[in-house]
Every structure is written in structure tokens, then in C-alpha cells.
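Number of protein chains: 2
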Amino acid sequence: MELQKPYYAVIFTNTRTEGDNGYSQMAEEMEKLARKQPGFLDFESARDGLGVTISYWESLEAIANWKSNMEHREAQKNGIKKWYSWYKVRICKVEREYEFTK
Amino acid sequence: MELQKPYYAVIFTNTRTEGDNGYSQMAEEMEKLARKQPGFLDFESARDGLGVTISYWESLEAIANWKSNMEHREAQKNGIKKWYSWYKVRICKVEREYEFTK
Numbered sequence: 001m002e003l004q005k006p007y008y009a010v011i012f013t014n015t016r017t018e019g020d021n022g023y024s025q026m027a028e029e030m031e032k033l034a035r036k037q038p039g040f041l042d043f044e045s046a047r048d049g050l051g052v053t054i055s056y057w058e059s060l061e062a063i064a065n066w067k068s069n070m071e072h073r074e075a076q077k078n079g080i081k082k083w084y085s086w087y088k089v090r091i092c093k094v095e096r097e098y099e100f101t102k
Numbered sequence: 001m002e003l004q005k006p007y008y009a010v011i012f013t014n015t016r017t018e019g020d021n022g023y024s025q026m027a028e029e030m031e032k033l034a035r036k037q038p039g040f041l042d043f044e045s046a047r048d049g050l051g052v053t054i055s056y057w058e059s060l061e062a063i064a065n066w067k068s069n070m071e072h073r074e075a076q077k078n079g080i081k082k083w084y085s086w087y088k089v090r091i092c093k094v095e096r097e098y099e100f101t102k
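Top line first, the protein sequences correspond to chains A and B. For the first sequence, counting from 1, position 38 maps to 38 in full-length UniProt numbering; every step adds exactly one. For the second sequence, counting from 1, position 63 maps to 63 in full-length UniProt numbering; every step adds exactly one.
Now the structure itself:
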């Protein structure tokens with residue numbers, strides 16, 4: 001069940017600091033901006049205490065470009081300064097997948 | 001920044017059916033059971049509408065063993081019958097990671 005076209009996932013797991021401090025607006029803008037990037041495939045996000053956001057990309061190059069996007073870099077700086085008490089980023093190669101729909 | 005010991009992630013993204021129907025108890029039991037399996041590394045989960053659960057494993061073999069665990073297979077059957085309206089499972093190789101702590 002190997003994928004014919006392997007693709008990549010960025011798993012961003014995090015815990016927030018207290019208060020919004022512009023976080024919600026930034027999160028919305030970053031999702032919109034990510035969706036416009038070359039090589040973007042999909043975006044999944046959930047939070048209940050722990051936040052887990054996963055973006056999917058066609059290639060490592062697309063991920064590197066998104067990481068160095070100027071507006072995204074600004075958000076990353078504020079993430080460290082204001083919004084996150086902890087985060088972990090994992091770059092993964094999606095090797096297999098299967099899906100169920102009722 | 002390649003990992004010296006690459007490891008694997010199972011990304012389980014899902015949407016629930018209406019009502020609990022024993023789901024919460026099962027989810028708790030499955031997390032406990034997963035944590036006891038050989039090759040288990042970590043577990044992260046969040047839900048707000050969309051549910052995202054990621055388990056981390058030392059090897060593909062450990063993932064295959066967990067998938068075929070008898071109690072887990074029973075939960076998988078009920079997942080399809082009762083608990084999930086949609087899910088997607090992705091098996092990924094974690095190739096790089098970095099972490100921030102305030």
C-alpha cells in the first residue's frame with residue numbers, strides 16, 4: 001500500500017500561553033496564507049488544551065518555502081515571544097494512508 | 001538536522017457520529033493500551049469538531065503489531081460501526097524535528 005506519490009506532513013503540536021494577544025487572528029491568517037502556497041495540499045487543526053495542527057505538502061521544498069515566507073516568519077517570531085509556552089515541529093514523509101467514509 | 005533514529009507517526013484524523021455510545025471509555029482504554037505496546041513512543045490528541053490523534057512508534061513493525069492487537073481490532077470494528085462518520089489514517093516517517101520551550 002505504498003503511495004504512488006509520497007507527500008509530506010508538518011505536525012505542529014503546541015501549548016498556548018494565557019490570553020489571546022492576537023493569536024486567533026494570526027492563526028486564521030496563517031491558515032489562509034498556507035493554503036495559497038505552492039505545493040500546499042491540506043490543513044487539519046484541533047485544540048483542547050493541546051493544539052495539534054498538521055499541514056500537508058507536495059515536497060520538502062514547499063515546506064522550506066513556507067517556513068521562510070516573510071509573513072509566516074513574523075508569526076513564528078511572535079509565536080516564540082507571545083503565543084506558545086511550548087511547541088514541537090515534526091517534518092514527516094507520509095508513506096501510507098487509508099480512509100473510511102460512512 | 002536528520003534524526004539519528006528516525007521514528008514513525010500514525011496520524012488518525014476523524015469526525016465523530018452523534019452521541020457517546022461508549023466512545024469516551026474506549027478512547028481512554030485504547031490510549032492506555034497503546035502506551036503499553038512494544039515500540040510505543042508518544043501519544044498526542046486534540047478534538048474540536050475534527051479529532052486529531054497522533055501516536056509515535058519506533059518502527060513500522062510496532063505499528064503493525066498495534067494495528068493487529070485483539071482489543072484494538074475490536075475498537076476498530078466499533079469505530080466503523082458506531083463512532084466515526086469519517087476517518088483517515090496516515091503512516092508517516094518522522095524525518096526531522098525541533099522543539100521550543102519557554
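Think of the CB as a built atom: it goes at the ideal place given N, C-alpha and C, for glycine as much as any other residue.
Neighbours of A/L33 across chain B, judged by C-beta separation under 8 angstroms, do not exist; the nearest C-beta is about 20 angstroms away. For the UniProt domain "ABM" (7-77) of chain A, the beta-carbon criterion of a distance under 9 angstroms to any beta-carbon of chain B is satisfied by Y8, A9, I11, T13, N14, T17, E44, S45, A46, R47, D48, G49, L50, G51, V52, T53, I54, Y56, L60. Between A/H72 and A/L33, the beta carbon gap of about 7 angstroms places them in contact (Cβ cut-off 8 angstroms).
Membership of B/I54 in the beta strand (DSSP E) is indicated by the continuous run 50-57.
Taking a beta-carbon distance threshold of 8 angstroms, A/W83 does not count as an interface residue toward chain B. Neighbours of A/K93 across chain B, judged by C-beta separation under 7 angstroms: C92, K93, E95. Contact check for B/W57 and B/Y87: beta-carbon distance about 18 angstroms, past the 8 angstroms limit, so the pair fails to qualify.
For B/I80, there is no enclosing alpha helix (DSSP H), as DSSP marks it with neither H nor E. Interface with chain A (8 angstroms Cβ-Cβ cutoff): B/K5 is excluded. It is roughly 32 angstroms from the alpha-carbon of B/L3 to the alpha-carbon of B/Q76.
Of the residues assessed, A/Y98 falls on the exposed side of the cut-off, its CB having fewer than 16 other CB atoms within 10 angstroms. A Cβ-Cβ contact shorter than 8 angstroms links B/T13 with A/E44. Around the beta-carbon of A/I80, fewer than 16 other beta-carbon atoms lie within 10 Å, marking it exposed.
DSSP places B/L33 within a helical segment (H, G or I) once states are collapsed to three.
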